[in-house]
Structure formats: structure tokens, C-alpha cells
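Input: a single structure, listed below in C-alpha cells.
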Amino acid sequence: MQSAEIAVSQAQIDRLEIHLEEARPATQEAVALLPATIIPPMNSRIAVPAPFAGTVVSVHVLPGQSVEQGRTLMTIASRELVETLSQLRQAEANLAVASAVAERYRGLAEKNIASPTRAAETEAQRAGLEAVVDEHRRLVSLGKIKTDPDGSYALIAPRAGRIVEANVAPGASIGAMQAAVVFDTSDELWVEAQLPASLVGKVHPGDSITLEDGTKGKVLSVGHTLDPKTRSSTLTGTIPGSAGVVPGQMVTLSIHRQAAISSVEVPAQAVVWLGAAPSVFVRTEMGFAVQPVVLKGKTLRAATIGGGLTAGQKIAVSGLAQLENMIGAE
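Last residue of the sequence shown: number 329 in numbering that gives the first Met the number 0, and the count goes up by one each step with no gaps.
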């Protein structure tokens, strides 16, 4: 389409409420605009399991609550724990006896009173009981729980974080190694989107990403295998935890790359389609000139364009429908 000029007086501009903005040099251009989902960073969401089956006595945290490392999360009464502690004490007693016997036979063997073979047998028995004691001690120390004399134990937060789920309520039964509490340990958030096959190879780790509210981040990874159903690969990016979004929330994600030196950036609403070609209305002494442009990328907020428009020129960002009607009238 050839460039056309529309005669518009200042009075008409004021009456039609046509607002102007300057084109700015573009530092980045949009590559794609994609729907995405906020997700927690890999390995930042951890589950605290109950090492022994039992009944939940009390829950000390709520979803959304921040907890410090070492905070008591839940108290559980467990018969399994009582039995394990009893077995540990019995194994420790047997080990004490076996150690005394082994010491005695080793001393007798050194004096050639007892057989060295017998001394070796008692040493082996002691070693076997040491293994049993170590096993029971590891069981009791799983999850760094705090045990109470009444047969209950407390689950402890291994790291600081924010509670996501408390999966059981007081009075409920819980199985051994069942996840009791889930919490996030990072202030960072990830965003996941499906990248169309046409963009695979054009988006790379380190590229800039922007949410619709202006939150900025960067691409972490781009898959190079296409899902046979969606014909897309998975893109993962990172954004600050202060973005005001939560895991599971749907967002719109724009991906950016370094713009060419000659590119300029204008508000997204300034670009109109005239004759199947993108154009902008440039302010002139007489009114406005229709300037065809090359649309290099567009987000909800801004468009990166090239072709005939230079930084500093003023363009119309509202009242575009009235300007289009004026073209038809002429």
C-alpha cells in the first residue's frame, strides 16, 4: 500500500481524542506470545514424609504459612515407633553383652588360654549386633524426627519455606513414608509453555521473557523433541518470586530477543492493518500520513517494527478507527 496523507486540524485531533506517542529505539523484539502456567522450580518443592505409620495427633502449620528450619510441622502417635524403640533398646543391650564377651575372649586368646577361633566368633557376633543397632538408630532418626516418651513423634521442617499442603488432619491415619506436609523452599518461580514447532530453534536459553503485567525473566530451557499430539516442545523460564503469581496460575508469556539497530518500538494499539498490511499513522504538518511498516514482533503492550519509521516520530495510538474512516472519505 502506498503512503497516504490525511488532512486533520488540531481542533479535529482534540475532538476525536487522538493521542500521540513517540516511536522509541527498540532494544528487543518479540518472538512469540504464548499461554503459560506458573510452576514451582524443580526440587524446590519438597515433601516431608512420616517415617512411621500412626495417627495424627495435631497439625501445627497451615497452607500458605511460612516456616523456619526446625519448626514442628505435625505430631503423630505411632505404635511402630514404640516397637522400633523397644527393638533398639533390646539390640543395644544384646550388643553390650556381646561386646563384653568379645573383650573377654580376646583377652584370653592373647594369653593363649582361649582359642583364637572362639575369640573371632565373638567378635563376629558383636559386629552383627552393631549392624542391627545401627539399622534401628537410622530408622529412629529418619527425617530428624523428635520422639516423645509417650510414643508420639514430631515431624520437623528440614528447611525454611512456605507450606503448600498439609495432607492429613488430626485424627486421621497416616502410612509409613506417606507425605504429610509439602512446602516450597525457594522464592523463585518457573513458568512453563508449549513452544510451537515453527519456533523451535529460534528461542534459546537466556532469551528474555515478559508476563502481561510487565514482570521480566529469562528462558531456562527449550526442549528439542516435539510432542506428537501438540506438535510443540516444552519451554521453561524463570521469574522472580515477587511477581505476584502463584503455582498453577495461567499467564500470557512473551519471548524477546535482541532487536536490529534500525527497529523501533511503538505501543501495540498503534499498529493497524490497512490493505492486509501493518501500518501506523504518523503525525505530519497537515495531519497524519499512513506509513506501512514491517511488523517484527508484537506483545499485548508493544510492537517492534521496521521499514520507514524512525525513533522520535509521533504516531497516533488512539482514534485510529476515525482516521481509517477519513481515508475512505477521501
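Note that CB positions come from ideal geometry on N, CA and C, so glycine has one too.
Pull up the distance between the alpha-carbon of residue 320 and that of residue 254, whole angstroms please.
-> The residue labelled residue 320 in the question sits at position 321 within the sequence shown. The residue labelled residue 254 in the question sits at position 255 within the sequence shown. Roughly 29 Å between the two C-alpha positions.
Alpha helix (DSSP H) segment containing residue 120, residue limits | Here residue 120 is taken as the residue at index 121 of the sequence shown, counted from 1. Element bounds for residue 120: 115-139.
Proximal residues to residue 122 (C-beta, below 6 Å), its chain only, five neighbours per side dropped = Locating residue 122 in the sequence shown gives position 123, where the first residue counts as 1. Answer for residue 122: 101, listed in chain order.
Which ranges would you report for the beta strand (DSSP E) in the segment 1-41 if only whole runs of at least 3 residues count?
-> Whole beta strand (DSSP E) segments, 3+ residues: 4-6, 19-21 and 27-38.
Exposed unless 16 or more other CB atoms sit within 10 angstroms - verdict on residue 167 = For this step, residue 167 is matched to residue 168 along the sequence shown. Residue 167 is buried by the Cβ-count criterion.
Residue 237 and residue 189 look like a contact to me (Cβ under 8 Å); what is the Cβ gap, rounded to whole Å?
-> What you label residue 237 is simply residue 238 of the sequence shown in a count that begins at 1. What you label residue 189 is simply residue 190 of the sequence shown in a count that begins at 1. Between residue 189 and residue 237 the Cβ distance is about 6 Å, and since that is below 8 Å, they are a contact.
Are the segment 240-252 and the segment 263-282 in contact at 8 Å, needing three or more beta carbon pairs?
-> no
Rank 235, 180, 43 and 196 by C-alpha distance to the C-alpha of residue 204 and give the top, closest one.
-> Here residue 204 is taken as the residue at index 205 of the sequence shown, counted from 1. Nearest in C-alpha terms to residue 204, of all of 235, 180, 43 and 196, is 235.
Environment of residue 103 [buried if 16+ CB atoms lie within 10 Å] = Taking the first residue of the sequence shown as position 1, residue 103 is located at position 104. With fewer than 16 Cβ atoms within 10 Å of its Cβ, residue 103 is classed as exposed.
Given residue 250, which residues of its chain have a CB within under 8 Å of its CB, disregarding the five upstream and five downstream residues?
-> For this step, residue 250 is matched to residue 251 along the sequence shown. The answer, listed in chain order, is 34, 35, 36, 37, 190, 210, 211 and 244.
Does the pairing of the segment 287-306 with the segment 3-10 give three or more beta-carbon distances under 8 Å?
-> yes
Tell me whether residue 229 is buried or exposed, calling it buried when 16 or more other Cβ atoms sit within 10 Å of its Cβ.
-> For the purposes of this step, residue 229 is taken as the residue at position 230 of the sequence shown. When all chains shown are included, residue 229 counts as exposed.
For residue 162, name the three-state secondary structure that DSSP assigns.
-> In the sequence shown, counting from the first residue as 1, residue 162 sits at position 163. If DSSP states are grouped into helix, strand and coil, residue 162 belongs with the strands.
CB residue 206 to CB residue 218, shorter than 7 Å?
-> To locate residue 206, count along the sequence shown from 1; it is residue 207. To locate residue 218, count along the sequence shown from 1; it is residue 219. In this structure, residue 218 lies closer than 7 Å to residue 206 by Cβ.
Distance between beta carbons of residue 175 and residue 231, contact taken as under 8 Å = Working through the sequence shown from its first residue, we reach residue 231 at position 232. Working through the sequence shown from its first residue, we reach residue 175 at position 176. So it is not a contact: roughly 41 Å between Cβ atoms.
What's the C-alpha gap between residue 32 and residue 317?
-> The residue given as residue 32 occupies position 33 in the sequence shown. The residue given as residue 317 occupies position 318 in the sequence shown. So the two alpha carbons sit approximately 23 Å from each other.
Return the chain-ordered ranges of every beta strand (DSSP E) run that is complete within the segment 40-118 and spans a minimum of 3 residues.
-> For the beta strand (DSSP E) assignment, the uninterrupted runs of no fewer than 3 residues enclosed by the segment 40-118 are, from N- to C-terminal side, 44-49, 53-58 and 71-76.
Identified DSSP bridge partners for residue 289 = For the purposes of this step, residue 289 is taken as the residue at position 290 of the sequence shown. 280, per the DSSP bridge assignment.
Residue 171: which of 213, 147, 77 and 116 sits nearest, CA to CA?
-> Along the sequence shown, read from residue 1 onward, the residue named residue 171 stands at position 172. The shortest Cα separation from residue 171 among 213, 147, 77 and 116 belongs to 77.
Based on Cα-Cα distance, which residue from 213, 47 and 114 lies nearest to residue 348?
-> In the structure as shown, the chain begins at 0 and stops at 329. Residue 348 is therefore absent and cannot be evaluated.
Might you give, ordered along the chain, the residues of its own chain that have their beta carbon closer than 7 Å to the beta carbon of residue 1, omitting 5 neighbours on each side?
-> Residue 1 sits at position 2 when you count from the first residue of the sequence shown. Residue placement at residue 1 is flagged as unreliable, the pLDDT there being 45, under the threshold of 50; the coordinate-derived value follows with that caveat. Closer than 7 Å at the Cβ level, and outside the excluded window around residue 1, lies no residue.
First and last residue of the beta strand (DSSP E) that includes residue 215?
-> What you label residue 215 is simply residue 216 of the sequence shown in a count that begins at 1. Here the beta strand (DSSP E) through residue 215 covers 215-221.
Between residue 306 and the rest of its own chain, which residues show a CB-CB distance below 8 Å, the 5 nearest in sequence each way excluded?
-> Sequence index remark: in the sequence shown, residue 306 carries index 307 (1-based). Once the five neighbours on either side are set aside, the close Cβ partners of residue 306 are 291, 292 and 293.
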